[in-house]
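K.L.:
Numbering (the working numbering), first residue to last: 2 to 372.
This is the structure I want to talk about, given as C-alpha cells.
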C-alpha cells in the first residue's frame, strides 16, 4: 500500500467513511483522481488531489500549470465553490476535507451530465433542451452580475486570488495550432515569418476581449461539467463542477464555451437563438453591457478557443496516443468558421484559410495517416 493510500484511508476513517464502498470514476488529464463512495445509502464523491504542478514543458521551462494559471491543489476548488454557493449557484457541498493532503469528500450531484442529455434529446424528466440551455445561461448571467471577486476565503485562514486571463495564457493557447496542427495535420513547420504574422494578428485582436467589465468565468463551462439537477428549481437546476481553474476576464468566455461545445454539436440556429437570449438577459440585468462589444469578444474568444482545440486534438493523437479525440475536429472547424465570419476577424480568417484549412485532409484521414 502506498503512503498516499494510507493517508487516504486515515482520512476516511477519521471522517466516518472508512467502511464505505468505493468505485473509481473516470478522471481527467490532471493529477486529480475521483471515486464514488456509498455508505448506508448515502453517496459522496471523493476528490484525491496531491498538491503540486504538472510535468514541466520541454526545455526545462516552468510547468504548464503555472504558465496557464491552472490550480495546483484543492484550495482554489474549495474557494471558488464557496463563492458560487454564496451567489445561490449549485456547487457540491463539502462533506469533509483534508486540505493539507488534498482530500475532499463532496456531495454526489448525480450522473446526468449535460452531454448525455443532449445525446438523449431531453432531460431526465422530459425537460426540453432549449430550456436547459436557457437555464445554463441564466447561471452565467447571475455569476456575471457579481463582477470580479476580491480574494476568496478558503476556510483554513488562507485566501485564493483568482488569476486573470492574461497575455501569457493568450499566447500559449493561440500558438497551439502552429505547434501541433500545422506539423501533424498539414505536414508543415511554421516559419518565423509565419509565426510573426500570426502573432501580430492576435495582438491586434487582444483589445476586443479586454473591452467591457471583468467577471469571474469558470473556464470549462461546457457539457461534461454541467450536471442537471432535475429535482431542483431555478438556478440550482444547473450543477457545477470542475471550476478550480476559474479566471478573471471577459464576459464572453463562458457563453462561447457553452454555446460552441467542443464535445457536442450545437446547431447554428440554436447557438444564435441562445446567444440572443443571453444578450437580452444581460441587457435587463444590473450590469454595464454593450451588445456589440460582447459580440466581438465572443467571436474572438470563440476563434481562439477553436484554434487551441485544433492544436490540442492532434497533440493528443501524436504525443499521447489518443486518436479518439480527432472525432471532434470537424465540429471544431465548423465553430471556427462561424467565428471568423465576424468582420473584426477578417485578417485572421485570411490567415486561417491559407495556412490551416486550404488543402487540409478530412479529419477522419488524419488519424489514419498518423497510426
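Virtual Cβ for every residue (Gly too), placed ideally from N, Cα, C.
#1: Select from 362, 212, 231 the residue whose C-alpha is nearest the C-alpha of residue 293.
#2: Classify residue 19 as helix, strand or coil using the three-state DSSP reduction.
#3: Which residue from 39, 4, 302 puts its Cα closest to that of residue 175?
#4: To the nearest angstrom, how far is it from the Cα of residue 284 to the Cα of residue 203?
#5: Given that a residue counts as buried once 16 or more other Cβ atoms are within 10 Å of its Cβ, and exposed if not, what is residue 145?
#6: Given that a residue counts as buried once 16 or more other Cβ atoms are within 10 Å of its Cβ, and exposed if not, what is residue 382?
#7: Hey, how far is the Cα of residue 341 from the Cα of residue 262?
#8: Going by DSSP in three states, residue 242 sits in which element: helix, strand or coil?
#9: Pick helix, strand or coil for residue 1, following the three-state DSSP scheme.
#10: Using only the alpha-carbon positions, how far apart do residue 372 and residue 238 sit?
#11: Buried or exposed: residue 49, going by 16 or more other Cβ atoms within 10 Å of its Cβ?
#12: So residue 306 is in the alpha helix (DSSP H); what residue range does that whole segment cover?
#13: From this set, 272, 155, 271, 187, which residue's C-alpha is nearest residue 78's C-alpha?
#14: Measure the Cβ-Cβ separation of residue 242 and residue 51 and say whether it is below 8 Å.
#15: Can you check the segment 148-193 for any beta strand (DSSP E) of at least 3 residues that lies completely inside it and give the ranges in chain order?
#16: Using CA coordinates, which residue listed in 47, 69, 43 is at the minimum distance from residue 248?
#17: So, at 7 Å on beta carbons, what are the nonlocal neighbours of residue 23 in its own chain, with the 5 sequence-adjacent residues on each side left out?
#18: Less than 8 Å between C-beta atoms, sequence neighbours within five positions excluded: which residues of the same chain meet that for residue 138?
#19: Tell me whether the beta-carbon of residue 246 lies closer than 8 Å to the beta-carbon of residue 72.
#20: So the candidates are 240, 163, 6, 168; which of them puts its Cα closest to the Cα of residue 81?
#21: Rounded to whole angstroms, what's the CA-CA distance from residue 191 to residue 359? Just pull it up for me.
#22: Report the three-state DSSP secondary structure of residue 257 (helix, strand or coil).
#23: Residue 215 and residue 148 - do their beta-carbons sit closer together than 8 Å?
#24: Which runs of the beta strand (DSSP E) fall wholly inside the segment 68-125 and span at least 3 residues, in chain order?
#25: From what residue to what residue does the beta strand (DSSP E) around residue 134 run?
#26: Should residue 187 be labelled buried (16 or more other beta-carbon atoms within 10 Å of its own) or exposed?
#27: Kindly indicate which three-state DSSP category residue 352 falls into: helix, strand or coil?
#28: Determine the direct distance from the alpha carbon of residue 130 to that of residue 291, and round the result to whole angstroms.
P.N.:
According to the structure data:
#1: For the purposes of this step, residue 293 is taken as the residue at position 292 of the chain shown. Among 362, 212, 231, the Cα nearest to that of residue 293 is on 212.
#2: Translated into positions along the chain shown, residue 19 becomes position 18. Coil at residue 19, not helix or strand.
#3: Looking up residue 175 in the chain shown gives position 174. Checking every option, the nearest Cα to that of residue 175 belongs to 302.
#4: Position 283 of the chain shown, counted from the start, is the residue given in the question as residue 284. Position 202 of the chain shown, counted from the start, is the residue given in the question as residue 203. C-alpha separation (whole angstroms): 29 Å.
#5: Looking up residue 145 in the chain shown gives position 144. That one is buried.
#6: With the chain represented from 2 up to 372, any question about residue 382 goes unanswered, as that position is not in the structure.
#7: Sequence index remark: in the chain shown, residue 341 carries index 340 (1-based). Sequence index remark: in the chain shown, residue 262 carries index 261 (1-based). If you take the alpha carbons of residue 341 and residue 262, they lie about 17 Å apart.
#8: Along the chain shown, read from residue 1 onward, the residue named residue 242 stands at position 241. Three-state result, residue 242: coil.
#9: Nothing about residue 1 can be read from this structure; the chain reaches only from 2 to 372.
#10: Position 371 of the chain shown, counted from the start, is the residue given in the question as residue 372. Position 237 of the chain shown, counted from the start, is the residue given in the question as residue 238. Confidence in residue 372 is poor, its pLDDT being 49 and thus under 50, which makes the residue's placement too unreliable to answer from.
#11: Looking up residue 49 in the chain shown gives position 48. Residue 49 is buried by the Cβ-count criterion.
#12: Here residue 306 refers to the residue found at position 305 of the chain shown. Note, residue 306: alpha helix (DSSP H), 292-319.
#13: Taking the chain shown and counting its residues from 1, the one referred to as residue 78 is at position 77. It is 155.
#14: Counting from 1 along the chain shown, the entry for residue 242 is found at position 241. Counting from 1 along the chain shown, the entry for residue 51 is found at position 50. Contact flag unset, no.
#15: none
#16: Here residue 248 refers to the residue found at position 247 of the chain shown. When only C-alpha atoms are compared, the closest one is 69.
#17: Against the chain shown, residue 23 aligns to sequence position 22. Hits under 7 Å: 36, 38.
#18: Sequence index remark: in the chain shown, residue 138 carries index 137 (1-based). Cβ neighbours of residue 138 beyond the five flanking positions: 256, 259, 275, 278, 279, 282.
#19: In the chain shown, the residue the question calls residue 246 occupies position 245. In the chain shown, the residue the question calls residue 72 occupies position 71. Taking 8 Å as the Cβ cut-off, residue 246 and residue 72 qualify as a contacting pair.
#20: Position 80 of the chain shown, counted from the start, is the residue given in the question as residue 81. Per the Cα distances, 163.
#21: Counted from its first residue, the chain shown places residue 191 at position 190. Counted from its first residue, the chain shown places residue 359 at position 358. So the alpha carbons of these two residues sit roughly 15 Å apart.
#22: Here residue 257 refers to the residue found at position 256 when the chain shown is read from its first residue. In the structure shown, residue 257 sits in a helix (DSSP, three-state: H, G or I).
#23: Residue mapping note: residue 148 aligns to position 147 of the chain shown, counting from 1. Residue mapping note: residue 215 aligns to position 214 of the chain shown, counting from 1. Yes, the Cβ-Cβ distance between residue 148 and residue 215 is below 8 Å.
#24: 95-99, 104-108
#25: Indexing the chain shown from 1 puts residue 134 at position 133. Residue 134 -> not in any beta strand (DSSP E); alpha helix (DSSP H) instead, spanning 130-146.
#26: Counting from 1 along the chain shown, the entry for residue 187 is found at position 186. It counts as buried.
#27: Residue mapping note: residue 352 aligns to position 351 of the chain shown, counting from 1. Residue 352: helix per DSSP, three-state reduction.
#28: Taking the chain shown and counting its residues from 1, one reaches residue 291 at position 290. Taking the chain shown and counting its residues from 1, one reaches residue 130 at position 129. Approximately 28 Å between the Cα atoms of the pair.
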